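Numbering (the working numbering), first residue to last: 121 to 430.
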(Lines of atoms letter the chains of each structure in order from A and count residues from 1; the text may use other names and numbers.)
(Lines give C-alpha, C1' and ligand atoms only; values in the text may rest on other atoms or scores of the structure.)
Protein backbone atom coordinates (compact mmCIF):
# COMPACT_ATOMS: atom_id res chain seq x y z
CA UNK A 1 0.00 0.00 0.00
CA UNK A 2 1.32 3.41 -0.94
CA UNK A 3 1.58 5.84 1.97
CA UNK A 4 1.03 9.60 1.55
CA UNK A 5 2.95 12.00 3.82
CA UNK A 6 1.89 15.66 4.37
CA UNK A 7 4.74 18.15 4.87
CA UNK A 8 4.43 21.60 6.48
CA UNK A 9 4.98 23.25 3.10
CA UNK A 10 2.21 21.19 1.57
CA UNK A 11 -0.09 22.04 4.47
CA UNK A 12 0.49 25.80 3.99
CA UNK A 13 -0.22 25.48 0.29
CA UNK A 14 -3.43 23.63 1.07
CA UNK A 15 -4.54 26.39 3.48
CA UNK A 16 -3.95 29.04 0.79
CA UNK A 17 -6.02 27.05 -1.70
CA UNK A 18 -8.90 26.79 0.78
CA UNK A 19 -8.81 30.56 1.45
CA UNK A 20 -8.82 31.26 -2.27
CA UNK A 21 -11.83 28.98 -2.80
CA UNK A 22 -13.69 30.71 0.03
CA UNK A 23 -13.04 34.11 -1.56
CA UNK A 24 -14.33 32.83 -4.90
CA UNK A 25 -17.53 31.48 -3.32
CA UNK A 26 -18.04 34.78 -1.44
CA UNK A 27 -17.59 36.76 -4.67
CA UNK A 28 -20.11 34.57 -6.51
CA UNK A 29 -22.68 35.09 -3.73
CA UNK A 30 -22.19 38.88 -3.83
CA UNK A 31 -22.50 38.93 -7.62
CA UNK A 32 -25.62 36.77 -7.63
CA UNK A 33 -27.35 38.82 -4.92
CA UNK A 34 -26.56 42.02 -6.78
CA UNK A 35 -28.08 40.69 -10.01
CA UNK A 36 -31.39 39.54 -8.57
CA UNK A 37 -34.34 40.80 -10.57
CA UNK A 38 -37.97 39.90 -10.29
CA UNK A 39 -39.27 38.58 -13.60
CA UNK A 40 -42.95 38.45 -14.39
CA UNK A 41 -44.00 36.26 -17.29
CA UNK A 42 -47.32 36.99 -18.95
CA UNK A 43 -48.73 33.62 -19.98
CA UNK A 44 -51.23 33.81 -22.85
CA UNK A 45 -54.69 32.40 -22.21
CA UNK A 46 -54.96 28.97 -23.78
CA UNK A 47 -58.06 28.07 -25.74
CA UNK A 48 -60.34 25.55 -24.08
CA UNK A 49 -60.81 22.54 -26.30
CA UNK A 50 -63.17 19.59 -26.24
CA UNK A 51 -61.35 16.39 -25.30
CA UNK A 52 -62.79 13.19 -26.78
CA UNK A 53 -62.35 9.79 -25.15
CA UNK A 54 -64.19 7.33 -27.38
CA UNK A 55 -63.97 3.55 -27.60
CA UNK A 56 -65.65 0.92 -29.74
CA UNK A 57 -64.87 -2.79 -29.28
CA UNK A 58 -66.14 -5.80 -31.17
CA UNK A 59 -69.32 -7.22 -29.66
CA UNK A 60 -69.91 -4.11 -27.53
CA UNK A 61 -71.65 -0.77 -27.87
CA UNK A 62 -69.47 2.36 -28.23
CA UNK A 63 -69.11 5.03 -25.58
CA UNK A 64 -67.76 8.58 -25.72
CA UNK A 65 -66.72 10.84 -22.84
CA UNK A 66 -66.38 14.55 -23.55
CA UNK A 67 -64.43 16.88 -21.29
CA UNK A 68 -62.80 20.29 -21.66
CA UNK A 69 -59.13 21.14 -21.47
CA UNK A 70 -58.09 23.72 -18.89
CA UNK A 71 -55.17 26.19 -18.59
CA UNK A 72 -52.39 24.87 -16.36
CA UNK A 73 -52.74 27.64 -13.78
CA UNK A 74 -56.54 27.83 -13.86
CA UNK A 75 -58.33 27.46 -10.51
CA UNK A 76 -59.26 23.88 -9.66
CA UNK A 77 -62.91 24.90 -9.24
CA UNK A 78 -62.96 26.25 -12.80
CA UNK A 79 -61.72 22.87 -14.05
CA UNK A 80 -64.07 20.65 -12.04
CA UNK A 81 -67.18 22.79 -12.57
CA UNK A 82 -66.80 22.62 -16.35
CA UNK A 83 -65.22 19.20 -16.70
CA UNK A 84 -67.84 17.18 -18.58
CA UNK A 85 -69.54 18.38 -21.75
CA UNK A 86 -73.16 17.35 -21.24
CA UNK A 87 -74.93 19.25 -24.03
CA UNK A 88 -73.14 17.94 -27.12
CA UNK A 89 -74.58 16.19 -30.15
CA UNK A 90 -72.63 12.94 -30.67
CA UNK A 91 -73.24 10.83 -33.77
CA UNK A 92 -71.72 7.43 -34.57
CA UNK A 93 -71.98 5.53 -37.85
CA UNK A 94 -70.72 2.28 -39.32
CA UNK A 95 -71.30 3.53 -42.87
CA UNK A 96 -74.75 1.97 -43.01
CA UNK A 97 -76.42 2.69 -39.68
CA UNK A 98 -76.17 6.14 -38.09
CA UNK A 99 -77.17 6.81 -34.49
CA UNK A 100 -77.26 9.89 -32.27
CA UNK A 101 -75.75 8.76 -28.99
CA UNK A 102 -77.55 9.45 -25.73
CA UNK A 103 -75.75 11.20 -22.87
CA UNK A 104 -76.35 10.18 -19.27
CA UNK A 105 -74.61 9.38 -15.99
CA UNK A 106 -72.90 6.05 -16.53
CA UNK A 107 -71.71 3.62 -13.85
CA UNK A 108 -69.95 1.14 -16.16
CA UNK A 109 -67.30 3.15 -18.02
CA UNK A 110 -65.31 3.99 -14.86
CA UNK A 111 -66.90 1.32 -12.72
CA UNK A 112 -67.70 1.75 -9.82
CA UNK A 113 -67.33 5.54 -10.23
CA UNK A 114 -69.93 7.59 -12.15
CA UNK A 115 -69.09 9.52 -15.31
CA UNK A 116 -71.18 11.34 -17.90
CA UNK A 117 -70.95 9.31 -21.10
CA UNK A 118 -72.61 9.18 -24.49
CA UNK A 119 -73.64 5.66 -25.56
CA UNK A 120 -75.41 3.93 -28.43
CA UNK A 121 -77.61 0.83 -28.11
CA UNK A 122 -77.96 0.50 -31.89
CA UNK A 123 -74.34 0.32 -33.08
CA UNK A 124 -72.33 -2.79 -32.09
CA UNK A 125 -68.65 -3.16 -32.90
CA UNK A 126 -67.54 -5.68 -35.53
CA UNK A 127 -64.00 -6.58 -36.52
CA UNK A 128 -62.77 -5.25 -39.84
CA UNK A 129 -65.26 -2.39 -39.95
CA UNK A 130 -64.70 1.37 -39.89
CA UNK A 131 -66.66 3.59 -37.51
CA UNK A 132 -67.19 7.32 -37.93
CA UNK A 133 -67.68 9.79 -35.08
CA UNK A 134 -69.08 13.33 -35.20
CA UNK A 135 -69.18 15.59 -32.14
CA UNK A 136 -70.89 18.98 -32.20
CA UNK A 137 -69.96 20.91 -29.05
CA UNK A 138 -68.95 24.42 -27.98
CA UNK A 139 -69.63 25.76 -31.46
CA UNK A 140 -67.32 23.30 -33.23
CA UNK A 141 -67.79 20.15 -35.26
CA UNK A 142 -65.24 17.44 -34.54
CA UNK A 143 -64.86 14.31 -36.66
CA UNK A 144 -62.87 11.10 -36.54
CA UNK A 145 -62.83 7.52 -37.77
CA UNK A 146 -61.36 4.29 -36.48
CA UNK A 147 -61.30 0.60 -37.34
CA UNK A 148 -61.59 -2.52 -35.22
CA UNK A 149 -58.72 -4.84 -36.23
CA UNK A 150 -59.08 -8.61 -36.20
CA UNK A 151 -57.87 -9.65 -32.71
CA UNK A 152 -54.52 -11.39 -32.34
CA UNK A 153 -54.94 -13.58 -29.22
CA UNK A 154 -52.24 -14.48 -26.75
CA UNK A 155 -50.95 -18.04 -27.14
CA UNK A 156 -50.64 -18.63 -23.39
CA UNK A 157 -50.44 -16.99 -19.96
CA UNK A 158 -48.67 -18.09 -16.78
CA UNK A 159 -47.47 -16.81 -13.42
CA UNK A 160 -43.76 -16.59 -12.61
CA UNK A 161 -42.41 -15.54 -9.23
CA UNK A 162 -40.01 -12.59 -8.97
CA UNK A 163 -36.72 -13.77 -7.46
CA UNK A 164 -36.15 -10.27 -6.04
CA UNK A 165 -39.44 -10.23 -4.11
CA UNK A 166 -39.71 -10.75 -0.37
CA UNK A 167 -41.15 -14.25 -0.86
CA UNK A 168 -41.86 -16.66 -3.73
CA UNK A 169 -45.63 -16.00 -3.67
CA UNK A 170 -45.18 -12.67 -5.50
CA UNK A 171 -44.46 -12.19 -9.17
CA UNK A 172 -45.66 -11.22 -12.64
CA UNK A 173 -47.86 -12.51 -15.43
CA UNK A 174 -45.95 -13.82 -18.42
CA UNK A 175 -47.50 -14.22 -21.86
CA UNK A 176 -46.52 -15.76 -25.19
CA UNK A 177 -47.50 -13.93 -28.37
CA UNK A 178 -47.07 -14.82 -32.03
CA UNK A 179 -47.14 -11.63 -34.10
CA UNK A 180 -48.49 -11.96 -37.66
CA UNK A 181 -46.00 -11.47 -40.46
CA UNK A 182 -47.46 -8.10 -41.47
CA UNK A 183 -45.94 -4.75 -40.52
CA UNK A 184 -48.09 -2.35 -38.53
CA UNK A 185 -49.68 -4.51 -35.84
CA UNK A 186 -50.04 -2.89 -32.42
CA UNK A 187 -51.41 -4.01 -29.08
CA UNK A 188 -52.67 -2.85 -25.69
CA UNK A 189 -52.71 -4.79 -22.39
CA UNK A 190 -55.28 -4.46 -19.58
CA UNK A 191 -55.59 -6.44 -16.35
CA UNK A 192 -57.79 -6.69 -13.27
CA UNK A 193 -57.21 -8.67 -10.06
CA UNK A 194 -60.65 -9.90 -9.04
CA UNK A 195 -61.44 -8.98 -5.43
CA UNK A 196 -58.58 -6.47 -5.31
CA UNK A 197 -59.46 -4.15 -8.20
CA UNK A 198 -62.83 -2.79 -9.31
CA UNK A 199 -62.21 -2.56 -13.04
CA UNK A 200 -60.00 -3.49 -15.96
CA UNK A 201 -57.23 -0.95 -16.43
CA UNK A 202 -54.29 -0.54 -18.83
CA UNK A 203 -50.89 -1.23 -17.33
CA UNK A 204 -47.90 1.10 -17.36
CA UNK A 205 -46.47 0.93 -20.86
CA UNK A 206 -49.65 -0.78 -22.00
CA UNK A 207 -49.16 -0.21 -25.74
CA UNK A 208 -46.51 -1.59 -28.07
CA UNK A 209 -46.15 -2.23 -31.80
CA UNK A 210 -44.39 -4.83 -33.92
CA UNK A 211 -41.62 -2.58 -35.24
CA UNK A 212 -38.94 -4.89 -33.80
CA UNK A 213 -40.96 -8.09 -33.38
CA UNK A 214 -42.77 -8.43 -36.69
CA UNK A 215 -43.59 -12.06 -37.41
CA UNK A 216 -41.83 -13.29 -34.28
CA UNK A 217 -43.01 -15.47 -31.43
CA UNK A 218 -41.84 -14.31 -28.00
CA UNK A 219 -42.46 -14.10 -24.24
CA UNK A 220 -43.10 -10.89 -22.30
CA UNK A 221 -44.26 -9.95 -18.80
CA UNK A 222 -46.46 -7.37 -17.08
CA UNK A 223 -46.99 -6.30 -13.50
CA UNK A 224 -50.48 -5.36 -12.19
CA UNK A 225 -52.28 -2.26 -13.42
CA UNK A 226 -52.63 0.60 -10.96
CA UNK A 227 -55.83 2.53 -10.31
CA UNK A 228 -55.40 6.23 -9.44
CA UNK A 229 -58.82 6.11 -7.77
CA UNK A 230 -57.75 3.19 -5.56
CA UNK A 231 -54.28 4.14 -4.23
CA UNK A 232 -54.12 1.23 -1.76
CA UNK A 233 -54.82 -2.48 -2.02
CA UNK A 234 -57.84 -3.49 0.13
CA UNK A 235 -55.92 -6.54 1.38
CA UNK A 236 -52.71 -4.64 2.10
CA UNK A 237 -50.77 -6.51 -0.60
CA UNK A 238 -48.05 -4.86 -2.76
CA UNK A 239 -49.61 -3.03 -5.70
CA UNK A 240 -46.67 -3.87 -7.97
CA UNK A 241 -47.01 -7.67 -7.71
CA UNK A 242 -49.48 -10.40 -8.45
CA UNK A 243 -49.74 -12.96 -5.66
CA UNK A 244 -50.25 -16.71 -5.63
CA UNK A 245 -54.00 -17.34 -5.43
CA UNK A 246 -54.98 -14.16 -7.30
CA UNK A 247 -57.50 -14.57 -10.10
CA UNK A 248 -56.65 -12.13 -12.88
CA UNK A 249 -58.59 -11.11 -15.98
CA UNK A 250 -56.36 -10.06 -18.90
CA UNK A 251 -57.77 -8.05 -21.79
CA UNK A 252 -55.43 -8.03 -24.77
CA UNK A 253 -56.35 -5.62 -27.58
CA UNK A 254 -55.21 -5.38 -31.17
CA UNK A 255 -55.28 -1.72 -32.26
CA UNK A 256 -54.64 0.24 -35.44
CA UNK A 257 -51.76 2.64 -36.04
CA UNK A 258 -53.62 5.87 -35.18
CA UNK A 259 -54.92 4.40 -31.93
CA UNK A 260 -51.42 3.21 -31.03
CA UNK A 261 -49.87 6.61 -31.82
CA UNK A 262 -52.43 8.45 -29.69
CA UNK A 263 -52.12 6.10 -26.70
CA UNK A 264 -48.33 5.88 -26.93
CA UNK A 265 -47.95 9.69 -26.96
CA UNK A 266 -50.35 9.92 -24.01
CA UNK A 267 -48.29 7.41 -22.00
CA UNK A 268 -45.04 9.19 -22.85
CA UNK A 269 -46.41 12.45 -21.47
CA UNK A 270 -47.68 10.73 -18.33
CA UNK A 271 -44.35 8.97 -17.73
CA UNK A 272 -42.48 12.29 -17.85
CA UNK A 273 -44.51 13.27 -14.76
CA UNK A 274 -43.57 16.94 -14.99
CA UNK A 275 -39.86 16.13 -15.33
CA UNK A 276 -38.19 19.38 -16.52
CA UNK A 277 -35.40 17.36 -18.15
CA UNK A 278 -37.77 15.22 -20.23
CA UNK A 279 -37.81 15.78 -23.97
CA UNK A 280 -40.66 18.10 -25.02
CA UNK A 281 -43.55 16.20 -26.55
CA UNK A 282 -47.19 16.62 -27.47
CA UNK A 283 -50.12 14.24 -27.50
CA UNK A 284 -51.15 12.98 -30.93
CA UNK A 285 -54.87 13.11 -31.68
CA UNK A 286 -57.00 11.55 -34.41
CA UNK A 287 -59.77 14.09 -33.74
CA UNK A 288 -60.19 16.62 -36.56
CA UNK A 289 -61.76 20.06 -36.28
CA UNK A 290 -59.85 21.52 -33.33
CA UNK A 291 -60.44 18.95 -30.61
CA UNK A 292 -58.16 16.70 -28.59
CA UNK A 293 -58.21 13.06 -27.53
CA UNK A 294 -58.86 9.86 -29.43
CA UNK A 295 -61.52 7.70 -31.04
CA UNK A 296 -60.18 4.17 -30.61
CA UNK A 297 -61.15 0.77 -32.00
CA UNK A 298 -60.23 -2.37 -30.03
CA UNK A 299 -60.12 -5.94 -31.29
CA UNK A 300 -60.11 -7.54 -27.84
CA UNK A 301 -59.63 -11.00 -26.40
CA UNK A 302 -60.16 -11.93 -22.74
CA UNK A 303 -58.39 -14.53 -20.61
CA UNK A 304 -58.68 -15.47 -16.94
CA UNK A 305 -55.69 -16.89 -15.09
CA UNK A 306 -55.28 -18.10 -11.50
CA UNK A 307 -51.84 -17.27 -10.11
CA UNK A 308 -49.98 -20.42 -9.12
CA UNK A 309 -46.37 -21.54 -9.21
CA UNK A 310 -45.65 -23.79 -12.17
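Note that CB positions come from ideal geometry on N, CA and C, so glycine has one too.
Every value quoted in this text rests on a predicted model; they were computed, and no experiment measured them.
* To do: Look at the alpha carbon of residue 346 and the alpha carbon of residue 323, and state the distance between them as a whole number of angstroms.
  => Straight across, the Cα-Cα distance linking residue 346 with residue 323 is about 7 Å.
* N- and C-terminal bounds of the alpha helix (DSSP H) containing residue 381 -> Per DSSP, the continuous alpha helix (DSSP H) segment holding residue 381 begins and ends at 377-392.
* Answer with buried or exposed for residue 127, where buried requires no fewer than 16 other C-beta atoms within 10 angstroms of its C-beta. => Low confidence applies to residue 127: its pLDDT is 44, below 50, so where it sits in the model is not reliable enough to give any reading.
* On a CA-only basis, which of 215, 308, 225 is nearest residue 380? Give me that one, please. => It is 308.
* Neighbourhood of residue 257 by C-beta distance below 7 Å, restricted to the same chain and skipping five residues each side -> Here the set comprises 170, 186, 205, 208.
* Quick one: residues in its chain with C-beta nearer than 7 Å to the C-beta of residue 214, no 5 flanking neighbours on either side, listed in chain order? => The beta carbon of residue 214 is closer than 7 Å to those of 243, 249, 251 in its chain, skipping five residues each way along the sequence.
* Leaving out the 5 sequence neighbours to the left and right, which residues in its chain are closer than 6 Å to residue 301 when beta-carbon positions are compared? -> Within the same chain, residue 301 has close Cβ partners 335.
* Asked: By the 10 Å Cβ neighbour count, where 16 or more other Cβ atoms means buried, how is residue 69 classified, buried or exposed?
  -> Residue 69 falls outside the range modelled here, since the chain spans only 121 to 430, and no answer is possible.
* Asked: For the putative contact between residue 263 and residue 253, defined by C-beta atoms under 8 Å, what is the C-beta separation to the nearest angstrom?
  -> Here residue 263 really is in contact with residue 253; their C-beta atoms are around 7 Å apart, less than 8 Å.
* To do: Would you mind giving the Cβ-Cβ distance between residue 269 and residue 239, rounded to the nearest angstrom? I have them listed as a contact below 8 Å.
  => With a beta-carbon spacing of about 22 Å, residue 269 and residue 239 fall beyond the 8 Å limit used to define contacts.
* Out of 172, 181, 178, 179, which has the shortest C-alpha to C-alpha gap to residue 188? -> It is 172 whose Cα lies nearest to the Cα of residue 188.
* Asked: Where residue 385 and residue 190 are concerned, what is the direct C-alpha to C-alpha distance, given to the nearest angstrom?
  -> Distance between the alpha carbons of residue 385 and residue 190 is about 19 Å.
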